[in-house]
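Note that the protein sequences, when read in sequence, are chains G and D. Under UniProt numbering, the letters of the first sequence match residues 1 to 133, in that order. Under UniProt numbering, the letters of the second sequence match residues 1 to 133, in that order. Below: the structure, in structure tokens.
Number of protein chains: 2
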Amino acid sequence: MSIEFDNNMPIYLQIMNYIKRQIVTGTLKPGDKILSVRELAAELQINPNTIQRTFQELEREEIVETRRGLGRYVTSEESKIMEIKKEMAGALLDQFINGMKELGFANQDIVSIVAEAVTQSPELGQERGVNPT
Amino acid sequence: MSIEFDNNMPIYLQIMNYIKRQIVTGTLKPGDKILSVRELAAELQINPNTIQRTFQELEREEIVETRRGLGRYVTSEESKIMEIKKEMAGALLDQFINGMKELGFANQDIVSIVAEAVTQSPELGQERGVNPT
DNA sequence: CATAGTGTACTATTTAGCTATGACAGTGAC
DNA sequence: GTCACTGTCATAGCTAAATAGTACACTATG
Numbered sequence: 001m002s003i004e005f006d007n008n009m010p011i012y013l014q015i016m017n018y019i020k021r022q023i024v025t026g027t028l029k030p031g032d033k034i035l036s037v038r039e040l041a042a043e044l045q046i047n048p049n050t051i052q053r054t055f056q057e058l059e060r061e062e063i064v065e066t067r068r069g070l071g072r073y074v075t076s077e078e079s080k081i082m083e084i085k086k087e088m089a090g091a092l093l094d095q096f097i098n099g100m101k102e103l104g105f106a107n108q109d110i111v112s113i114v115a116e117a118v119t120q121s122p123e124l125g126q127e128r129g130v131n132p133t
Numbered sequence: 001m002s003i004e005f006d007n008n009m010p011i012y013l014q015i016m017n018y019i020k021r022q023i024v025t026g027t028l029k030p031g032d033k034i035l036s037v038r039e040l041a042a043e044l045q046i047n048p049n050t051i052q053r054t055f056q057e058l059e060r061e062e063i064v065e066t067r068r069g070l071g072r073y074v075t076s077e078e079s080k081i082m083e084i085k086k087e088m089a090g091a092l093l094d095q096f097i098n099g100m101k102e103l104g105f106a107n108q109d110i111v112s113i114v115a116e117a118v119t120q121s122p123e124l125g126q127e128r129g130v131n132p133t
């Protein structure tokens, strides 16, 4: 329902990722109506202008569609959604791998660390059937 | 010699990580003298005030020590350096694992993806003998 | 038609980050 | 002492991000 904001990154970008995550995981489905600018602003306690900027960026990336006077909707193109998911996962992966290498970790170290971290953490909000590639 | 700056994150934080990485990987060794405010400002094409802020933060984290009139030096406490390394690696790991789970990936997926990514990438600037835990 | 909800636009203000510039103080070498 | 380096401080200005508030245009409903 709310977001923990990181002060070192623009809010509108963090909300963008928040929405993208909802779309990618199926919380928001293709064609679904999105909360209005004013609704989301109220829910997240953020100024409507900031939400408006968030949505403009999402529309520029063709993730949402705007119907003036009606509202905004998640794109119906599932291929676009999969593309976004791959982008986001790829960005996370690159950041992690490159970061670990910059810290001096060897390839095998990295795999081991991930494997260990994963065995110690429970399968959280696993939604069977929504898991993609 | 230079940094690719991310516009969505304060420069002084990025330079902090840049210095920390050099210390953690041994490029800068315990007790080493660090580039002066003006030197680093010139090298990175950044205003000296911004570098000054970077160093103040690093000193606050007890990673560097200042001797007025002389310059700044990497802390001699190797335990502190190891601590920083663990912090940075842990932050990277958390961000990655949590991010992937938020995207809907299962634990085993995450491990597989990392394993595959790592096999496809060469062992870059591996510095044998500097690899810690 | 009027209404309520939608997206959109505009101006003004505040704040953090960064820059530009100058000045002062401590240290070691000459 | 002088010089050249160091860290430090202070002032001013610019920009992007975010806020606050108002207003306008479009759409469906009744």
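Glycine included, each C-beta is placed from N, C-alpha and C at the ideal position.
- Around D/R21, the beta-carbon contacts reaching into chain G at under 7 Å are E102 and L103.
- In this structure, G/S112 and D/I97 do not form a Cβ contact; the two beta carbons are roughly 14 Å apart against a cut-off of 8 Å.
- In this structure, the CA atom of D/I11 is about 7 Å from the CA atom of D/F5.
- Excluding the 5 residues flanking it on each side, D/N47 has same chain C-beta neighbours closer than 7 Å at A41, in chain order.
- Collapsing the DSSP output to three states places D/K29 in coil.
- Counting only Cβ-Cβ distances below 7 Å, G/T50 has no contacts in chain D at all, with the closest Cβ about 15 Å away.
- Around the CB of D/G31, fewer than 16 other CB atoms lie within 10 Å, so the residue is classed as exposed.
- Three or more beta-carbon pairs drawn from the stretch 84-98 of chain G and the stretch 88-95 of chain D are found closer than 8 Å, and the two stretches are therefore classed as touching.
- Beta-bridge annotation (DSSP): D/Y73 is paired with D/K33 and D/E65.
- Here G/I46 carries a coil assignment [DSSP, helix/strand/coil].
- Around the beta carbon of G/M82, a 10 Å sphere encloses fewer than 16 other beta carbons of the protein chains shown; the residue is thus reported as exposed.
- Within 10 angstroms of the beta-carbon of D/N49 lie fewer than 16 other beta-carbons, which makes it exposed.
- When C-alpha distances from D/V37 are compared across D/R21, D/T27 and D/L58, the shortest belongs to D/L58.
- Looking from the CA of G/R68, the closest CA among G/K33, G/E102 and G/Q45 belongs to G/K33.
- G/N7 counts as exposed, since fewer than 16 other beta carbons sit within 10 angstroms of its beta carbon.
- The Cβ atoms of G/T66 and G/I15 lie no closer than 8 Å to each other.
- Listed in chain order, the non-local C-beta contacts of G/I51 below 6 Å within the same chain comprise V37, L40 and A41, local neighbours out to five positions each way being set aside.
- Those residues of the UniProt domain "HTH gntR-type" (9-77) of chain G placed with their C-beta closer than 7 Å to a C-beta in chain D are M9, P10, L13, R21, V24 and T25, ordered along the chain.
- The residue among D/V64, D/I3, D/E61 and D/V74 with its C-alpha nearest the C-alpha of D/L44 is D/I3.
- Shown here for D/D109: not one same chain residue has a beta carbon closer than 7 Å to its own, the five before and five after excluded.
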